[in-house]
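**Student:** My questions all concern the structure below.
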Amino acid sequence: MKKQKKRRLSLMRKRMIAGYLFILPWLVGFVIIYIRSLFQTVQFSFSEMEIDAINGGYTLVANGWENYRYAFLEHGTFKQTLTSSVMNMLVDVPLITFFSLFMAMLLNKKFPGRALVRAIFFLPVILGSGAIVDAMEMSAKMMQTGVSGQAADMAAASTSVAFDIDYLISMFMNLGLPAKLMNYITSAVGRINDIISMSGVQIVIFIAALQSIPGSLYEVAKIEGATGYETFWKITFPMVMPHIITNVVYTIVDSFEESEILKLADTTTFTKLDYGIGSVMTITSTLITCIILVVVVGFIQKKTFYYN
Amino acid sequence: MRKFDLKKTLKDPYQQMLLMNDIKKFALTILQIAIIVGVSYVILAPVIGMFVNAISSDSDALNPMVFVIPEHPTLEKFKLAMLRMDYWPTITKNILYVLSITLIQVLICSMVGYGFARFDFPFKKLLFGCVVVTIVLPVHTIMLPMYVTFRNFDPAGLATLFTGAKLNLMGTPWPIYILSLLGCGVRSGLYIYIFNQFFRGLPKEIEEAAFVDGAGMWYTYFNIMLKNASPAVITVTVFSLVWQFNDTFYSNLFLVSDEIVISKRVSVLQSVIANEDKIMSLTIQELYLHAGIILVLLPIVLIYLLLQRYFIEGVERSGIVG
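Protein sequences appear in the order of chains E and L.
The numbers in the working numbering rise by one with no breaks, and the one at position 29 of the first sequence is 29.
Take any residue in the second sequence, note its place counting from 1, add 1000, and you have its number in the working numbering.
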């Protein structure tokens, strides 16, 4: 009897230790890379940095809350940019989440050429990042400064095959529907490009989620006579709920990384070499994003159904 | 096929219902096709534009009458772009480098994600909160301290002990390997998160059965859980490949040589072409740039198409089948 009890305890302990072993690589990295670096960044935000260009080092002079005071009370655009970035984020998230769920459901059906279409939908992820954007931006810059307007115009005409959307919009405007509705629709249509290019990853995650739903659930629903609408709300939606959280997290982070506030922080840090103010900006905006994440995820998590 | 007879159909309510259903289905299919084609066009338009540019000759680029279909298509842009980027050796090294990092990322992140999903230990919630923080935290915030760490790399004084000086890892891919091994690589936090969500969604019965049958925790993880998580593995593999391939932030920060990172060569391709080949017209330089971009994108698109098949297969194998 006694022996059994001891073994049971040791199993719990063993699982605990195994848990730590599983997360060990990340834990080490987090402590020695993130904690240390974050600590240093916070330190920057409370001090003025003087860079020693000759020896490659830097010296810190502590100046208390001065950087924060400057950013919030004196800086020209910081507060506006922060507010507008946060607002954009909040508007984008539901739009992108539902658009990508909708597209994933379309792409999850069987139709000829499905593989091709899926590959096309993933293209924005490949095109949207890193080197290509760099190269395009650089060529755009050279275009602006380098040659006469004519050459630039011509290049612009040859790079995009898109036809004139204004014609369609004006035709649409003449339909005689209420102006407000028109404006909303046209602005949403105008943003469709952004929405599509920002939802590539989310679509892939949703497709994977949809495919992990056991087909037997749908069979049962069909036998019981559920309509498509009921099947969606009673089976598909609850089953992809955990992945909705993933996607919401990803969307928030993604739109934060693309946001104006980070660009502002970036230019402050690396163009004006003002490390203190730049750190204040990144720390403030990261904190706000974390709070939004916690609130939103907490809210969705309450309604989430896990398979277990 | 049902025989279609209009009069009979209109009389019989059952036939009427079937007809209505057919019409509804047809309309829905049309709508779906329209949406898919439309969205695909929005995505593809710039790519088509780039491709057209890459195959058009100089005279086409300067001819305002040419639209979409070049008059004198040529592959010369690709040839020169390949030469100037040193394409084949660079892309081979680059793919090997990206593949090895992806392998590390998948192993480490799935392990960590599994640890968070299935084991109970003190401070678990706090630590998982930290994972989310690493996702959200813009890398720009910590780039300077990170640079300093790897510029004077000295883990626990080992480097000083053996070589007598701190290691300078700049210019080598080692910092990125080390970061990936420690779960701090390019978007590692997100991969941990994805794996965590997937493992949490899997039924616990699989592991219980394995445990009853006498499998240890590590055996269960490698031989049972990892195989069951194949959709997540494929998802993370695809993401990691693409993002690692496109990453310029880390490779610029650690000054990784452009011999193994082709995207660095693309970003300077335009000026290289201008200098080496004395092509001064910006419009024409851009054609070469677009050819270069297409050449760089090609392997990653091919890899994606290849994995896409396994994506579906892997998904069909998943579930409780094991």
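Backbone N, C-alpha and C define an ideal beta-carbon position, used for all residues, glycine too.
Small disclaimer: the values here were computed from a predicted structure and weren't measured.
Taking Cβ positions only, does E:M89 come closer than 9 Å to chain L?
**Tutor:** no
**Student:** Since E:T111 is in the alpha helix (DSSP H), which residue starts that stretch and which ends it?
**Tutor:** For the sequence presented, residue 111 of chain E should be read as Phe rather than Thr. Premise fails: E:F111 is in no alpha helix (DSSP H) and is neither H nor E.
**Student:** For E:K14 and chain L, any beta-carbon pair shorter than 9 Å?
**Tutor:** yes
**Student:** Can you find a CB in chain L that lies within less than 9 Å of the CB of E:E257?
**Tutor:** yes
**Student:** Using a 10 Å radius around the Cβ and a threshold of 16 neighbouring Cβ atoms, would you call L:I1030 buried or exposed?
**Tutor:** exposed
**Student:** For the alpha helix (DSSP H) containing L:L1137, name the first residue and the last one.
**Tutor:** From DSSP, L:L1137 is part of no alpha helix (DSSP H); its letter is neither H nor E.
**Student:** Beta-carbon of E:R69 versus every beta-carbon of chain L: anything under 9 Å?
**Tutor:** No, because no Cβ of chain L sits closer than 9 Å to the Cβ of E:R69.
**Student:** Give me the Cα-Cα distance between E:A152 and L:S1263, rounded to the nearest whole angstrom.
**Tutor:** At E:A152, the pLDDT of 42 sits below 50, so the modelled position is not reliable and the matter cannot be decided from this model.
**Student:** List the DSSP bridge partners of E:A62.
**Tutor:** E:S47
**Student:** With a threshold of 16 other CB atoms inside 10 Å of the CB of L:V1266, please say whether the residue is buried or exposed.
**Tutor:** Buried is the call here.
**Student:** Quick one: grab the DSSP three-state call for E:L177.
**Tutor:** coil
**Student:** In chain E, which residues lie with their C-beta within 7 Å of the C-beta of L:S1040?
**Tutor:** The contacting residues are V117, I120.
**Student:** Who are the neighbours of E:L106 on chain L, taking C-beta pairs under 8 Å?
**Tutor:** Q1032, I1035, I1036
**Student:** L:F1153 bridges to which residues according to DSSP?
**Tutor:** L:L1167
**Student:** Does the stretch 1112-1126 of chain L come close enough to the stretch 1192-1209 of chain L to have 3 or more Cβ pairs within less than 8 Å?
**Tutor:** yes
**Student:** Taking only the alpha-carbon atoms, compute the straight-line gap between L:V1139 and E:K79 and give it to the nearest angstrom.
**Tutor:** Cα to Cα, the separation comes out at about 22 Å.
**Student:** Could you pull the start and end residues of the alpha helix (DSSP H) that E:C290 belongs to?
**Tutor:** 275-302
**Student:** Where does E:A209 fall in DSSP's three states?
**Tutor:** helix
**Student:** Starting from E:A226, find everything on chain L with Cβ-Cβ shorter than 9 Å and list it in chain order.
**Tutor:** Within chain L, no residue comes near E:A226; the closest Cβ sits about 16 Å away, beyond 9 Å.
**Student:** To which residues of the same chain is L:A1210 closer than 6 Å at the C-beta, ignoring the five residues directly before and after it?
**Tutor:** T1220, I1224
**Student:** Please classify E:T77: does DSSP put it in a helix, a strand, or coil?
**Tutor:** Correct three-state label for E:T77: coil.
**Student:** Rounded to whole angstroms, what's the CA-CA distance from E:M171 to L:M1111? Just pull it up for me.
**Tutor:** 56 Å
**Student:** Which value, in whole angstroms, describes the spacing of the CA atoms of E:G225 and L:L1295?
**Tutor:** The C-alpha of E:G225 lies about 52 Å from the C-alpha of L:L1295.
**Student:** Step through the CB atoms of chain E and report whether any lies within less than 9 Å of the CB of L:D1022.
**Tutor:** no
**Student:** Taking buried to mean at least 16 other C-beta atoms within 10 Å of its own C-beta, is E:A156 buried or exposed?
**Tutor:** Since pLDDT at E:A156 reaches only 46, below the 50 mark, its modelled position is unreliable, and the value read off the structure follows with that caveat. Exposure of E:A156 is indicated by the presence of fewer than 16 other C-beta atoms within 10 angstroms of its C-beta.
**Student:** Between L:V1212 and chain E, is the shortest Cβ-Cβ distance under 9 Å, so that the two count as touching?
**Tutor:** By this cut-off, L:V1212 is not an interface position.
**Student:** Count the other C-beta atoms from every protein chain shown that fall within 10 angstroms of the C-beta of L:N1246, then say buried if there are 16 or more, exposed otherwise.
**Tutor:** Label assigned to L:N1246: buried.
**Student:** Measuring alpha carbon to alpha carbon, tell me which residue in L:K1024, L:I1142, L:F1254, L:I1279 is nearest E:G276.
**Tutor:** L:I1142
**Student:** Measure the Cβ-Cβ separation of E:V93 and E:V295 and say whether it is below 9 Å.
**Tutor:** no
**Student:** With DSSP collapsed to three states, give me the class of L:D1058.
**Tutor:** helix
**Student:** Alpha carbon to alpha carbon, what distance is there between E:L106 and L:I1033?
**Tutor:** 9 Å
**Student:** Where does L:T1102 land, buried or exposed, given buried means 16+ other C-beta within 10 angstroms?
**Tutor:** buried
**Student:** Return the residue from the list E:C290, E:M281, E:I288, E:S37 that minimises the CA-CA distance to E:N67.
**Tutor:** E:M281
**Student:** Between which residues of its own chain and E:G278 is the CB-CB distance below 7 Å, once the five residues before and five after are set aside?
**Tutor:** A265, T268, T269
**Student:** What do you reckon, are the CB atoms on E:T236 and E:L262 nearer than 9 Å?
**Tutor:** In this structure, the beta-carbon distance from E:T236 to E:L262 does not fall below 9 Å.
**Student:** From L:L1282 to L:A1054, what does the alpha carbon distance come to, in whole angstroms?
**Tutor:** 14 Å
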